[in-house]
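Right, one structure below, let's go through it.
Numbering (this note's numbering), first residue to last: 13 to 396.
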């Protein structure tokens, strides 16, 4: 099998040249519409039926591109956005795809605009074939910030399509990923009463109540790590990190308000909403005993843990096609949302996560042909 690497580079060049940063910080956030329009044009030219799905967020959209009809079929999914970038730390223009030493450098080259030209190259030999089951390409918005694109797909569905298998082409060095941890990022705000520090009776110290909150959270962490363990992960237990705290304004004032941000990483089998409810239940007695107002909230909606059966047809097929045993990773993806649509799901694509989210991001050219071969094998197995 041969792959036209020049055509691959041309297609990726056009995508990298279109800025599509998504970020919770408003001044960094951008529209992804240009990338979605380019992908819609590219897949339309290959014979796909394309539908652009606007999101409620201005300037944001998903793409659903379909080749073939009928039930079942295969989804190949990726996100169209990138993280922000440090322009002064790049050795090349982040929006100009640059080949050097067998690598293609550019913002999003590996995470994960580079997966879409792999799909295009893979499907070209089959364009004249009859597809027994459809091939569906999804391009989502805001994976790097809110995952609102994937959330919208999970809520609204795929327009009557009911595929059975989904591959998310995140950079995994072509190792099938069957599991990853979930993410919760939460906030606790304690409101007390400020006053002169010379007399504690003049106020109600929010920092002292927050000390109780932190101790309760650390106690919860110990309980979770005792109860849950999964040897498939490098860090085998759930984690809870106390990330930052802000409170008070002077040593001579009773602290009137204090806020803590913390992060939880859950194992497959754990539930984000159940844990949120458990935390609220544990903090209520502290509010009552301290006489403070304790408000618990989420910094973002979170991502559920992901786990696919190692013996499922999709995982076994991907292990067979790549020659790599399936594994787990610490980073989160859109996989839980694909599962919510009823599909067996795997995370599998070219490039390494080690090159993502940093200056001089690249995808290695020597992974392109194996990735195309993999996708062709999946198309033959699940669509033809």
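All C-beta atoms in this analysis are idealised placements derived from N, C-alpha and C, irrespective of residue type, glycine included.
Test item: CB-CB of residue i and residue j under 8 angstroms
{"i": "residue 5", "j": "residue 183", "result": "In the structure displayed, the chain extends from 13 to 396; residue 5 sits before or after that span and is not available."}
{"i": "residue 89", "j": "residue 187", "result": "no"}
{"i": "residue 225", "j": "residue 295", "result": "yes"}
{"i": "residue 374", "j": "residue 117", "result": "yes"}
{"i": "residue 347", "j": "residue 357", "result": "yes"}
{"i": "residue 120", "j": "residue 94", "result": "yes"}
{"i": "residue 64", "j": "residue 148", "result": "no"}
{"i": "residue 189", "j": "residue 314", "result": "no"}
{"i": "residue 302", "j": "residue 221", "result": "yes"}
{"i": "residue 153", "j": "residue 72", "result": "yes"}
{"i": "residue 262", "j": "residue 219", "result": "no"}
{"i": "residue 268", "j": "residue 206", "result": "yes"}
{"i": "residue 143", "j": "residue 80", "result": "yes"}
{"i": "residue 381", "j": "residue 15", "result": "yes"}
{"i": "residue 394", "j": "residue 170", "result": "no"}
Beta-bridge pairing of residue i - partner residues as DSSP gives them
{"i": "residue 247", "result": "DSSP output for residue 247 lists no bridge partner at all."}
{"i": "residue 117", "result": "110 and 374"}
{"i": "residue 305", "result": "203"}
{"i": "residue 274", "result": "198 and 254"}
{"i": "residue 79", "result": "147"}
{"i": "residue 130", "result": "Beta-bridge pairing links residue 130 to no other residue."}
{"i": "residue 152", "result": "91"}
{"i": "residue 340", "result": "191"}
Counted within 10 angstroms of its Cβ, other Cβ atoms place residue i as buried (16 or more) or exposed
{"i": "residue 277", "result": "buried"}
{"i": "residue 310", "result": "exposed"}
{"i": "residue 208", "result": "exposed"}
{"i": "residue 146", "result": "buried"}
{"i": "residue 101", "result": "exposed"}
{"i": "residue 192", "result": "buried"}
{"i": "residue 316", "result": "buried"}
{"i": "residue 106", "result": "buried"}
{"i": "residue 243", "result": "exposed"}
{"i": "residue 172", "result": "exposed"}
{"i": "residue 285", "result": "exposed"}
{"i": "residue 247", "result": "exposed"}
DSSP three-state assignment for residue i, whether helix, strand or coil
{"i": "residue 177", "result": "strand"}
{"i": "residue 65", "result": "strand"}
{"i": "residue 191", "result": "strand"}
{"i": "residue 356", "result": "strand"}
{"i": "residue 288", "result": "helix"}
{"i": "residue 182", "result": "coil"}
{"i": "residue 162", "result": "helix"}
{"i": "residue 294", "result": "helix"}
{"i": "residue 29", "result": "coil"}
{"i": "residue 361", "result": "coil"}
Proximity test, Cβ basis, 8 angstroms: residue i and chain D
{"i": "residue 55", "result": "The structure shown contains no chain D; it is built from a single protein chain."}
Counting pairs of Cβ atoms below 8 angstroms between the segment 16 to 26 and the segment 126 to 138, do you hit three or more?
yes
Touch check for the segment 195 to 203 and the segment 260 to 273: three-plus C-beta pairs under 8 angstroms?
Taking a cut-off of 8 angstroms on C-beta distances, the segment 195 to 203 touches the segment 260 to 273, as three or more cross pairs fall below it.
Using 8 angstroms as the Cβ pair cut-off and three pairs as the minimum, do the segment 153 to 169 and the segment 27 to 44 touch?
yes
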